[in-house]
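S.K.:
Protein chains in written order, with our numbering: chain A, 181 to 502; chain B, 3 to 359; chain C, 1073 to 1380.
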């Protein structure tokens, strides 16, 4: 089991990253505290949390939109946070792309779909001639289930799902290695979410991509993610692979989140018990917490005392399931 | 069991049109609905299906370019579609039929204290003294789960979190003891953990105060949790309705199938999720046949020609699809949603929490 | 009948891509702008009037050859102060010249000056304002420049420049552009700042788009409507500046015709011959108002929200 993790190639490392914002009067609001994890090549890593948990802030730090106030971010072993050369910055743009939450807000309404999708190609001159560029745009459109005839249309002529696919196409045309998907389906209508999720999974397999999938909805994450990190108030409280997290959730916040996922089953819902997260049940001694590995690949944010409790609980769960 | 219950509100064949720059948009195309006293009815549909517009006819809150062009909404012997002025609506809107909206800030005034906003409604509708109103307001705030209500009485909306604001909106809505509470996506803007609390609060209050609840939502999980009966809306019509068990465990309309099947909760990792393509129809155009037909892989030829009537599945369950016509070929619902209850039982523990075997 | 019914209960063919087609006719921004603009009959009428006035003001003076210093009838008392008539459409003035010729020659110069100045202010102000809005570093010192320039009294500046450069077209244009562009730039800066941080601009940044391309493709297309509104107010404002300065004797000078010049000249005959004063004032008003209306309507039509 442990080999599985040590042997895998790390594509992105978040090393003890803090992100803070000035809020006036020399006060600082710390949005992300000591985030520390690796993302492996080819996986879908999900960052799950509520609004204000810092998940989007951290995602944007990878794209160099938000600066880190401490720690560093490495991509393929090279530092991409802080001051880097223009060339390295261009390299980040080529290799790391983003899919935005709201397709209505993230497309330029005054530009045609052809321009929206070609934008990255223009910036890096990733085409031989006009013909080649148009061919690339056509291929990108087709790969997301749209039609070449859509090129001359404007974003507002499309439905939400189609717009989101345009957003995906313009990121994919750059042939990135890593994609930060910030709640890519939560602004979409329920009936078309599945199509976008399938598309993302298909493109990942075809292009050998790695995803950081930012979400608040555990039901989506269970379907799409290989590993999951749960973030609460800027702190990562638990990291585990998807099956482990759903089977052996340890941190009370994770347990609380799991108890809120609604199920399309009235009989199950009638029996539903919400577990409210109560931080006062945690160790109040003031001892420092850190993210500790309790089983290979399974990390939980705990003090010494809490860690012992989690260990006992996990052993009990494992005995029950065996 | 539903037989002897009273109908509190009855909408018959309601049609709503909006005039948008010389064009007419038919947002609601002949919807009928009987609401039973004390029940929770959920209308589920995607944006543009008309679910909000339909319920706005119950409180006369249609935008000024829209009007009810056909049909009636009967409530206590009055046809609500005939009411025009704000004066006609007095005593009904906000008093007997109250609404909670998705964004609590649309109902709250940002520059007035929470307390004054609640007491104003109480004074207006119950005609009690200021001190009595204040006492009632604090009691209500406590009832909806605001701790230290007396201390927080003089705070402003921005000092409250999103979930707390929604609780205040609920307090205001309930201050005049409404008979019907319309909840228009009350939790969509809130975080998942808060969402569960608000839903539980509304349910507890309903048990205590015995009002009728009409939920409008796009979230089938919420529907499963709250509803006694469900109506599925698509393209300005209710296309299937029945008890919540009937609609979830024995759905008949292909659109209901599609909605249920495409839920990521039912997805199997590494496999494709069931999905539908395309977009809802433009309601500017006249819709021929079944509005869902162009997106429906199971569409019959007749779906493009003639609008299906409601077919009876049981006394409480009806669906508007030609698939139920005796002449139609037999078609099973998609495999993903067969034995739905067994499947979901396997992936949840006793309290309904997700787990993986 | 029965056979037909049975056929109808077959499954229909289903094509997944079929639902991706967009049925609505293709959208084109500029076509929609013109369509919206020409839909309103009143607007079209004002636009036709405006085009007629502009053409007339540009052509008529060429034919009449009017100049305020050419006064062939100055000694012919029977040609002075004639009332408007079929022969003398606007009558004649104190030196026996046709008021009709004087007004149109004046209108021509006033219009040219205001159009040229507006064009210069826009061409200089828009790109500077756009960069100003984008760059936080530039914002710091540009704000100081703006504060200094906006505190210089305009009249003082006009007087100094007219003493230094002498009266005439060139000095008037310099007077009305050397500080005005800052106000255009400041206006654009504020507009840019409003839309600079919108998500689609962040998306462009993530695709590696540079600042200048962002300005041209992401920002200015959104500002077409507000820029048109600004220009449609600036042109009549500058005409009135010109009139005011010429009236003060600081504008085009006595040798050039201008509306301000005519109004200044004829003010003294207000009591005996009021038409001398009111005719150029009315022409000024008609030009300003129709320019303003057409500009506003064009700005409205340029707002895509009106294109539904």
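A virtual CB, placed ideally from N, CA and C, is assigned to each residue, including glycine.
Given the structure is predicted, the values throughout are model-derived calculations rather than measurements.
Curious, which full-length alpha helix (DSSP H) runs of at least 4 residues does the stretch 213-271 of chain B contain?
M.R.: Qualifying alpha helix (DSSP H) stretches, in chain order: 222-228, 246-251 and 256-263.
S.K.: Could you tell me whether any Cβ in chain B is nearer than 7 Å to the Cβ of residue 1297 of chain C?
M.R.: False, the Cβ-Cβ gap to chain B never drops below 7 Å.
S.K.: Among residues of its own chain, excluding the 5 on either side of residue 299 of chain A, which ones have a beta-carbon nearer than 7 Å to its beta-carbon?
M.R.: The answer, listed in chain order, is 350.
S.K.: Output the distance between the C-alpha atoms of residue 308 of chain B and residue 292 of chain B, rounded to the nearest integer angstrom.
M.R.: Roughly 7 Å separates the two Cα atoms.
S.K.: Beta carbons nearer than 9 Å to chain D: which residues of the stretch 301-317 of chain B have them?
M.R.: Chain labels in this structure do not include chain D; the protein chains are A, B and C.
S.K.: Anything in the stretch 188-213 of chain B with a Cβ closer than 9 Å to a Cβ of chain C? List those residues in chain order, please.
M.R.: Residues passing the 9 Å Cβ filter: none.
S.K.: According to a CB-to-CB cut-off of less than 7 Å, which residues of the stretch 248-277 of chain B neighbour chain A?
M.R.: Within the stretch 248-277 of chain B, the residues whose Cβ lies closer than 7 Å to some Cβ of chain A are 250, 260, 261, 262, 264, 265, 266, 267, 269, 271, 274, 275, 276 and 277, listed in chain order.
S.K.: Determine the DSSP secondary structure at residue 1164 of chain C, reduced to helix, strand or coil.
M.R.: If DSSP states are grouped into helix, strand and coil, residue 1164 of chain C belongs with the strands.
S.K.: Please tell me whether residue 182 of chain B and residue 189 of chain B are closer than 7 Å, where the distance is taken between their beta carbons.
M.R.: No, they are not a contact pair.
S.K.: Step through the CB atoms of chain B and report whether any lies within less than 7 Å of the CB of residue 432 of chain A.
M.R.: No, because no Cβ of chain B sits closer than 7 Å to the Cβ of residue 432 of chain A.
S.K.: Residue 277 of chain A bridges to which residues according to DSSP?
M.R.: Residue 277 of chain A is bridged to A:359.
S.K.: Roughly how many angstroms separate the alpha carbons of residue 86 of chain B and residue 1300 of chain C, rounded to a whole number?
M.R.: Distance between the alpha carbons of residue 86 of chain B and residue 1300 of chain C is about 42 Å.
S.K.: So, for residue 1187 of chain C: in the same chain, excluding its five sequence neighbours on each side, which residues have a beta-carbon less than 8 Å away from its beta-carbon?
M.R.: Same-chain partners within the cutoff: 1307.
S.K.: Rounded to whole angstroms, what is the Cα-Cα separation between residue 460 of chain A and residue 205 of chain A?
M.R.: One C-alpha to the other measures close to 31 Å.
S.K.: List the residues of chain C whose Cβ lies closer than 9 Å to the Cβ of residue 307 of chain A, in chain order.
M.R.: Ordered by position in chain C, no residue passes the 9 Å Cβ test against residue 307 of chain A, which lies about 14 Å from the chain.
S.K.: Throw me the rounded Cβ distance for the residue 444 of chain A and residue 267 of chain B pair, which I believe falls under 8 Å.
M.R.: That pair is a contact at about 6 Å.
S.K.: Does the CB of residue 387 of chain B have a neighbour CB from chain C at under 7 Å?
M.R.: The requested residue 387 of chain B does not occur in the structure, where chain B is confined to residues 3 to 359.
S.K.: Taking its Cβ as the centre, do 16 or more other Cβ atoms sit within 10 Å of residue 183 of chain A, making it buried, or is it exposed?
M.R.: Because residue 183 of chain A carries a pLDDT of 47, less than 50, the predicted location of this residue cannot be relied on, and the following value inherits that uncertainty. Exposed, by the Cβ-count rule.
S.K.: With a threshold of 7 Å between beta carbons, is residue 362 of chain B in contact with chain A?
M.R.: With chain B running from 3 to 359 in the structure shown, residue 362 of chain B is simply not present.
S.K.: State the DSSP-derived secondary structure class of residue 1086 of chain C, mapped to helix, strand or coil.
M.R.: Coil at residue 1086 of chain C, not helix or strand.
S.K.: In terms of residues, what are the limits of the alpha helix (DSSP H) holding residue 1189 of chain C?
M.R.: It spans 1171-1206 - the alpha helix (DSSP H) in which residue 1189 of chain C sits, taken as one unbroken run.
S.K.: Name the residues in the stretch 1281-1306 of chain C whose C-beta lies less than 7 Å from a C-beta of chain A; which are they?
M.R.: Within the stretch 1281-1306 of chain C, the residues whose Cβ lies closer than 7 Å to some Cβ of chain A are 1281, 1289, 1290, 1293 and 1294, listed in chain order.
S.K.: With distances taken Cα to Cα, identify the nearest neighbour of residue 1189 of chain C among C:1223, C:1347 and C:1303.
M.R.: Of the listed residues, the one whose Cα sits closest to residue 1189 of chain C is C:1303.
S.K.: Mind checking residue 286 of chain B: buried by the 16 CB within 10 Å criterion, or exposed?
M.R.: Exposed: under 16 other Cβ atoms inside 10 Å.
S.K.: Using the rule of at least 16 other Cβ atoms within 10 Å of the residue's Cβ for burial, across every protein chain shown, is residue 1193 of chain C buried or exposed?
M.R.: Buried.
S.K.: Mapping the DSSP letters down to three states, classify residue 216 of chain A as helix, strand or coil.
M.R.: Strand, per DSSP.
S.K.: Bridge partners for residue 22 of chain B per DSSP, in chain order?
M.R.: According to DSSP, which records beta bridges pairwise, residue 22 of chain B is partnered with B:25.
S.K.: Buried or exposed: which applies to residue 340 of chain A, given that a residue is buried once 16 or more other Cβ atoms fall within 10 Å of its Cβ?
M.R.: Looking at its Cβ environment, which holds 16 or more other Cβ atoms inside 10 Å, residue 340 of chain A is buried.
S.K.: Within the stretch 291-372 of chain A, note down every full beta strand (DSSP E) run reaching 3 residues or more, in order along the chain.
M.R.: Segments of the beta strand (DSSP E) lying fully in the stretch 291-372 of chain A: 358-362.
S.K.: I want to see whether chain B comes within less than 7 Å of residue 237 of chain A, judged by CB atoms only; does it?
M.R.: Chain B, which has no Cβ nearer than 7 Å to the Cβ of residue 237 of chain A, makes this no.
S.K.: Mind checking if residue 1373 of chain C is an interface residue toward chain B, Cβ cutoff 7 Å exclusive?
M.R.: With 7 Å as the cut-off, residue 1373 of chain C does not count as an interface residue toward chain B.
S.K.: Can you give, in chain order, each stretch of the alpha helix (DSSP H) that sits fully within the stretch 59-83 of chain B and has at least 4 residues?
M.R.: Entirely contained in the stretch 59-83 of chain B, not one alpha helix (DSSP H) run reaches 4 residues.
S.K.: Roughly how many angstroms separate the alpha carbons of residue 1354 of chain C and residue 1166 of chain C, rounded to a whole number?
M.R.: Between residue 1354 of chain C and residue 1166 of chain C, the C-alpha separation is close to 19 Å.
S.K.: Please classify residue 174 of chain A: is it buried, with 16 or more other beta-carbons within 10 angstroms of its beta-carbon, or exposed?
M.R.: No answer is possible for residue 174 of chain A: the residues shown for chain A start at 181 and end at 502.
S.K.: Going by the beta-carbon positions, is the gap between residue 1239 of chain C and residue 1137 of chain C smaller than 7 Å?
M.R.: No, the Cβ-Cβ distance between residue 1239 of chain C and residue 1137 of chain C is not below 7 Å.
S.K.: Mapping the DSSP letters down to three states, classify residue 39 of chain B as helix, strand or coil.
M.R.: Residue 39 of chain B: coil per DSSP, three-state reduction.
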